[in-house]
Amino acid sequence: MPVFHTKTIESILEPVAQQVSRLVIIHEEGEAGHEMPDLERPVFAVSKAVTNLVKVGREMSTSTDDLILKQDMPQALNKVDEAARLLVEAAKLSKIDPLSKPARMKLIEGSRWILQGTSNVLLVFDESEVRKIVQDCKKTLDYLSVAEVVENMEDLVQFVRDLSPILSRVTVEVCKRTEDLTHQIHREVLNRCVEQVKTLAPILICSMKIFIQILSQDGKGVEEAAENRNYLCGRMSEELNEIIRVLQLTTYDEDEWD
Amino acid sequence: DSSEMVRQARILAQSTAELIQAIRGEAEA
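Line by line, the protein sequences are chains A and B.
Numbered by the numbering used here, the letters in the first sequence go through residues 4 to 261 in order.
Numbered by the numbering used here, the letters in the second sequence go through residues 98 to 126 in order.
Right under this line is the structure:
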């Protein structure tokens with residue numbers, strides 16, 4: 004099973020994770036007593052990258068309406084910041100003594116923290132992006148709940164006008180998300196749900212139209228028409244709720260599938 | 098914005114990997 008639950012996060016962290024584990028192996032193999040190269044330039048590049056990431060992250064947590072992001076992002080950024088400080092200290096120490104053991108320890112620790120910190124930053128950000136899609140799914144559920152009170156063509160037209168843009172946004176966003184997921188089962192479930200929602204939407208509208216037509220004529224069979232409409236509405240809501248559930252799963256939720 | 102966050106995280110990860118490569122380069126030489 005993949006460790007990272009999106010391809011984006013995987014492509015960012017996997018190469019550095021490999022490097023960090025190799026560094027740890029070298030260290031565990033006894034350091035070989037080699038001298039450390041001059042690390043001033045590469046450490047400066049890392050520090051600069053940390054400064055830029057922290058800047059973007061702080062701006063994001065300041066401007067967002069997402070309270071969880073606002074709360075979690077600064078902590079994640081602090082970890083990256085601390086990691087950069089460790090690396091700067093390590094570079095200074097190793098410049099004075101290229102065989103310095105504390106310098107080597109700080110380098111390993113700093114690199115690990117960069118990896119963990121960047122991972123946390125990306126996860127906090129990713130969860131926030133998922134919450135945006137979930138919010139749209141919930142909005143769609145709210146619109147669907149109105150279906151049962153639509154009793155004339157004018158209201159049906161308005162209903163379609165309200166539902167269509169949000170439904171189309173949800174399907175596009177979920178499809179985009181699905182493509183980015185590394186977890187095969189999550190991908191399959193989301194794809195299936197989106198297809199179901201797309202299929203059911205026009206059938207639901209059609210059932211609402213039939214209900215309205217019967218209601219405006221002799222009313223014969225109106226109960227069955229309402230039942231059919233409610234069934235379709237319920238099916239669409241089930242699919243949307245399943246989308247919400249699976250969107251919030253990560254690869255760490257494997258037990259769910261056992 | 099969101100894509101900028103991903104871009105900056107990628108730059109940081111790359112520069113960290115390059116730093117470690119520099120250290121490893123000496124160790125493995």
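Cβ coordinates follow ideal geometry from the N, Cα and C atoms, glycine included.
Which residues in the same chain have their Cβ closer than 7 Å to the Cβ of threonine 253/A, if we skip the five residues on either side of it in sequence? His8
How about valine 6/A: is its C-beta nearer than 8 Å to some C-beta of chain B? no
Would serine 100/B count as contacting chain C if we go by Cβ distances under 8 Å? No chain C is part of this structure, whose protein chains are labelled A and B.
Under three-state DSSP, which class holds threonine 11/A? helix
Span of the alpha helix (DSSP H) around methionine 76/A: 70-99
Give the residues from the region 113-125 of chain A that approach chain B closer than 8 Å (Cβ to any Cβ), ordered along the chain. Ser114, Ile117, Leu118, Thr121, Val124 and Leu125
My assumption, with CB atoms under 8 Å, is that serine 239/A sits in contact with leucine 90/A. Please give the rounded CB distance. Reading the sequence as shown, one finds methionine at residue 239/A and not serine. That belief does not hold up - the Cβ atoms of methionine 239/A and leucine 90/A are roughly 52 Å apart, past 8 Å.
Among residues of its own chain, excluding the 5 on either side of arginine 232/A, which ones have a beta-carbon nearer than 6 Å to its beta-carbon? Ser210, Met211 and Phe214
Select from the region 54-78 of chain A all residues with a C-beta closer than 7 Å to any C-beta belonging to chain B, and list them in chain order. Asn55, Leu56, Val59, Gly60 and Met63
When you compare only the Cα positions, how much space is there between isoleucine 117/B and isoleucine 71/A? 33 Å
At the level of alpha carbons, what is the spacing between valine 6/A and glutamate 38/A? 34 Å
DSSP state of leucine 184/A mapped onto helix, strand, coil: strand
With arginine 88/A and histidine 30/A assumed to form a contact (beta carbons below 8 Å), what rounded beta-carbon distance in angstroms separates them? About 20 Å; that fails the 8 Å criterion.
Please report the distance separating the alpha-carbon of glutamate 151/A from that of valine 49/A. 58 Å
Can you give me the Cβ contacts of isoleucine 28/A inside the same chain, cut-off strictly under 6 Å, excluding the 5 residues immediately before and after it? none
Contact between the region 12-22 of chain A and the region 115-130 of chain A is defined here as three or more beta-carbon pairs at a separation below 8 Å; is this criterion met? yes
DSSP-derived helix/strand/coil call for tryptophan 260/A: Reliability fails at tryptophan 260/A, whose pLDDT of 45 lies under 50, so the model's placement of it is uncertain and no value is given.
Hey, does leucine 250/A have any beta-carbon neighbour from chain B nearer than 8 Å? no
With a threshold of 16 other CB atoms inside 10 Å of the CB of leucine 102/A, please say whether the residue is buried or exposed. exposed
Cβ of arginine 195/A less than 8 Å from any chain B Cβ? no
Which two residues bound the contiguous alpha helix (DSSP H) that contains aspartate 139/A? 104-147
Name, going along the chain, the residues of the region 6-30 of chain A whose beta-carbon falls closer than 7 Å to a beta-carbon of chain B. Thr11, Ile15, Leu16, Pro18, Val19, Gln22, Val23, Arg25, Leu26 and Ile29
Would serine 131/A be called buried (16 or more neighbouring beta carbons within 10 Å of its own) or exposed? buried
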